[in-house]
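These notes concern the structure reproduced below.
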Amino acid sequence: MTSITRAALAALLLVACGGPSHPSQPTIEDLRRRAAERPQDPAAHYALAEGELLLRDGDPTRAADAIARAAELAPADLRLTFLAATERETHGELSASLEGYLEVIRRAVGSTDPLAPTLASIAAAEVESLDDAVPDYAARVAPALRPIHPSPGGI
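Residues are numbered in my numbering as their position in the sequence shown, beginning at 1, plus a constant of 4.
If you want it as structure tokens, here you go:
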């Protein structure tokens, strides 16, 4: 993931959350505790997944499990799809990351999430950045994006 994409993702997350709503930023331990106390709360598990991947004191090796749990609770969450693709890219699983970013673009077309156009735009940039890094790139990307071109929805 490029440093520009990381900066864009961080800015996006701040905007999406409306900025800090706590007197201080929760620590990863706070997020872990909240998720443990609220096992059925998708927001608590999304925050934990984000924290494990992006916070300085998070543990990126725990991010995939946190994302999977959050996705169980909120399977239609476009932001989780984006976070999962980012996590795969961070861990060098570029083929899986490509599929994840393509899924973000596909799902953004019909999404009501106000961040859908932004997530699709960042995902498109990430898809492009993987051009030389993923086998059979064109054979995978063209068919995935072809149906979107004539009817891109709100993206």
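Ideal Cβ positions, reconstructed from N, Cα and C, are used throughout, including at glycine.
List the endpoints of the continuous alpha helix (DSSP H) containing residue i.
i, result
"residue 62", "Here residue 62 belongs to no alpha helix (DSSP H), and DSSP marks it neither H nor E."
"residue 95", "Where residue 95 is concerned, there is no enclosing alpha helix (DSSP H), given that its DSSP letter is neither H nor E."
"residue 49", "46 to 58"
"residue 32", "32 to 41"
"residue 122", "120 to 133"
"residue 144", "141 to 149"
Nearest CA to the CA of residue i: which residue from the options?
i, options, result
"residue 96", "49, 116, 32 and 137", "137"
"residue 84", "93, 92, 94 and 71", "71"
"residue 63", "75, 94, 111 and 103", "94"
"residue 38", "52, 29 and 149", "52"
"residue 151", "139, 134 and 111", "111"
"residue 132", "102, 115 and 122", "102"
"residue 66", "47, 92, 43 and 41", "92"
"residue 90", "46, 117, 73 and 123", "123"
"residue 44", "80, 34, 28 and 75", "75"
Throw me the rounded Cβ distance for the residue i and residue j pair, which I believe falls under 8 Å.
i, j, result
"residue 127", "residue 86", "6 Å"
"residue 113", "residue 156", "6 Å"
"residue 50", "residue 78", "7 Å"
"residue 115", "residue 82", "5 Å"
"residue 118", "residue 159", "Between residue 159 and residue 118 the Cβ distance is about 12 Å, and since that is not below 8 Å, they are no contact."
### Message
With three or more beta-carbon pairs closer than 8 Å as the criterion, would you say the region 51 to 68 touches the region 98 to 109?
### Response
Of all C-beta pairs linking the region 51 to 68 to the region 98 to 109, fewer than three are shorter than 8 Å, placing the two stretches out of contact.
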